[in-house]
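> To start, I am sharing the structure in question, which I have written as structure tokens.
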Amino acid sequence: MPPDISRIAYASRQSVGPDHQDLFDRLEALRGNPVENVFLAIANAPNLCDGVLAMAMSLRQSRLLDRQLRELAVLTVGLETRSDYEVAHHWNSAVKAGVSHAKLDALADFETAAIFSDTERLVMRFARAVTRSGRVDDALWDGLCLVLDEPQRLELVLTVAWYNCVVRILLPLQIGIEDWHERL
Numbered sequence: 004m005p006p007d008i009s010r011i012a013y014a015s016r017q018s019v020g021p022d023h024q025d026l027f028d029r030l031e032a033l034r035g036n037p038v039e040n041v042f043l044a045i046a047n048a049p050n051l052c053d054g055v056l057a058m059a060m061s062l063r064q065s066r067l068l069d070r071q072l073r074e075l076a077v078l079t080v081g082l083e084t085r086s087d088y089e090v091a092h093h094w095n096s097a098v099k100a101g102v103s104h105a106k107l108d109a110l111a112d113f114e115t116a117a118i119f120s121d122t123e124r125l126v127m128r129f130a131r132a133v134t135r136s137g138r139v140d141d142a143l144w145d146g147l148c149l150v151l152d153e154p155q156r157l158e159l160v161l162t163v164a165w166y167n168c169v170v171r172i173l174l175p176l177q178i179g180i181e182d183w184h185e186r187l
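First residue of the sequence shown? That's 4 in the working numbering, and the numbers climb one at a time after it.
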């Protein structure tokens, strides 16, 4: 694991002071203890962190989109942006959602790896297209319309957009993978 070379200090209960202890209570309750470095970095701006936490938890707790599809989309964002942090954390989330290690090992070759379903490939193509250009062509969208209903498509759009936002926080701040993080 590369050394943590974060460009911003990770906040702590002590550094945010007594007026923001409730933020750390929420972070620990919703994200676990220890809290991930990305949230500790954002906690340096407690009011902004509340908004980030709300969006992250809203998407995490939604059950419209199949969890495996969600994680494959997020991993595609992480791979496309070369965000080791995003890939490391969502590798574990994917395993917990039931994505096989064989699929995870074949992510970079999802277009040709027979292990992926047509729906999984569509979702990953969508995540790749949005990450690369912010746009998807009509054929790809029409394909998604055949396999996902409108609320599921909207959740997919929001999920891919959100994790593109997350990696645009992780990468410029050089947020490091936590010492305690272990790959499943």
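Glycine is no exception: its CB is placed at the ideal position from the N, C-alpha and C atoms.
According to DSSP, is SER9 part of a helix, a strand, or is it coil?
What you label residue 9 is simply residue 6 of the sequence shown in a count that begins at 1. When DSSP states are grouped into helix, strand and coil, SER9 belongs to the coil group.
> Count the other C-beta atoms from every protein chain shown that fall within 10 angstroms of the C-beta of CYS148, then say buried if there are 16 or more, exposed otherwise.
Translated into the one-based positions of the sequence shown, residue 148 becomes position 145. CYS148 should be labelled exposed.
> Are LEU174 and THR84 close, meaning C-beta to C-beta below 8 Å?
Counted from its first residue, the sequence shown places residue 174 at position 171. Counted from its first residue, the sequence shown places residue 84 at position 81. In contact: LEU174 and THR84 (Cβ atoms closer than 8 Å).
> Roughly how many whole angstroms lie between the Cα atoms of GLY101 and GLN71?
Taking the first residue of the sequence shown as 1, we reach residue 101 at position 98. Taking the first residue of the sequence shown as 1, we reach residue 71 at position 68. Approximately 7 Å, taken between the alpha carbons.
> Can you give the Cα-Cα distance for ALA109 and ALA132, rounded to whole angstroms?
Here residue 109 corresponds to residue number 106 of the sequence shown, with the count starting at 1. Here residue 132 corresponds to residue number 129 of the sequence shown, with the count starting at 1. Roughly 19 Å between the two C-alpha positions.
> How many angstroms separate the CA atom of ALA44 from the CA atom of VAL38?
Along the sequence shown, read from residue 1 onward, the residue named residue 44 stands at position 41. Along the sequence shown, read from residue 1 onward, the residue named residue 38 stands at position 35. Going from the Cα of ALA44 to the Cα of VAL38 covers about 10 Å.
> Give the range of the alpha helix (DSSP H) segment to which ARG138 is assigned.
Within the sequence shown, residue 138 is the residue found at index 135, counting from 1. Run containing ARG138: none; DSSP gives neither H nor E here.
> Quick check: the Cα distance between ALA46 and ALA117, rounded to an integer number of angstroms?
Taking the first residue of the sequence shown as position 1, residue 46 is located at position 43. Taking the first residue of the sequence shown as position 1, residue 117 is located at position 114. Roughly 42 Å between the two C-alpha positions.
> Across the segment 138–152 and the segment 163–171, are there enough close Cβ pairs to call them in contact, namely three or more that are closer than 8 Å?
no
> So, for SER9: in the same chain, excluding its five sequence neighbours on each side, which residues have a beta-carbon less than 8 Å away from its beta-carbon?
Along the sequence shown, read from residue 1 onward, the residue named residue 9 stands at position 6. Correct list, in chain order: ASN40, ALA44, LEU176, GLN177, ILE178, GLY179.
> Would you mind working out which of GLY137, PHE129, SER61, ARG171 sits nearest ARG156, comparing C-alpha positions?
As a first step, residue 156 is located in the sequence shown; it is residue number 153 there, counting from the start. Nearest C-alpha to ARG156: PHE129.
> Can you list, in chain order, the residues of its chain with a C-beta nearer than 7 Å to that of MET58? Leave out the 5 residues immediately preceding and following it.
Indexing the sequence shown from 1 puts residue 58 at position 55. So the qualifying residues of the chain are TRP165.
> Can you tell me which of the three DSSP states GLU153 falls into?
One-based indexing of the sequence shown puts residue 153 at position 150. The answer is helix: DSSP assigns GLU153 an H, G or I state.
> Between the Cα of ASP69 and those of GLY137, GLY81, PHE42, THR162, spot the shortest distance and give me the residue it belongs to.
Locating residue 69 in the sequence shown gives position 66, where the first residue counts as 1. Checking every option, the nearest Cα to that of ASP69 belongs to THR162.
> Answer with buried or exposed for HIS104, where buried requires no fewer than 16 other C-beta atoms within 10 angstroms of its C-beta.
Counting from one through the sequence shown, the residue named residue 104 turns up at place 101. By the neighbour-count rule (16 or more Cβ atoms within 10 Å), HIS104 is not buried but exposed.
> Pull up the CB-CB distance for TRP94 and ARG186, whole angstroms please, since I reckon it's below 8 Å.
Within the sequence shown, the letter at position 91 stands for residue 94. Within the sequence shown, the letter at position 183 stands for residue 186. Contact flag correct, Cβ pair sits at about 6 Å.
> So within the segment 82–123, which uninterrupted beta strand (DSSP E) runs reach at least 3 residues, ignoring any that extend past its ends?
none
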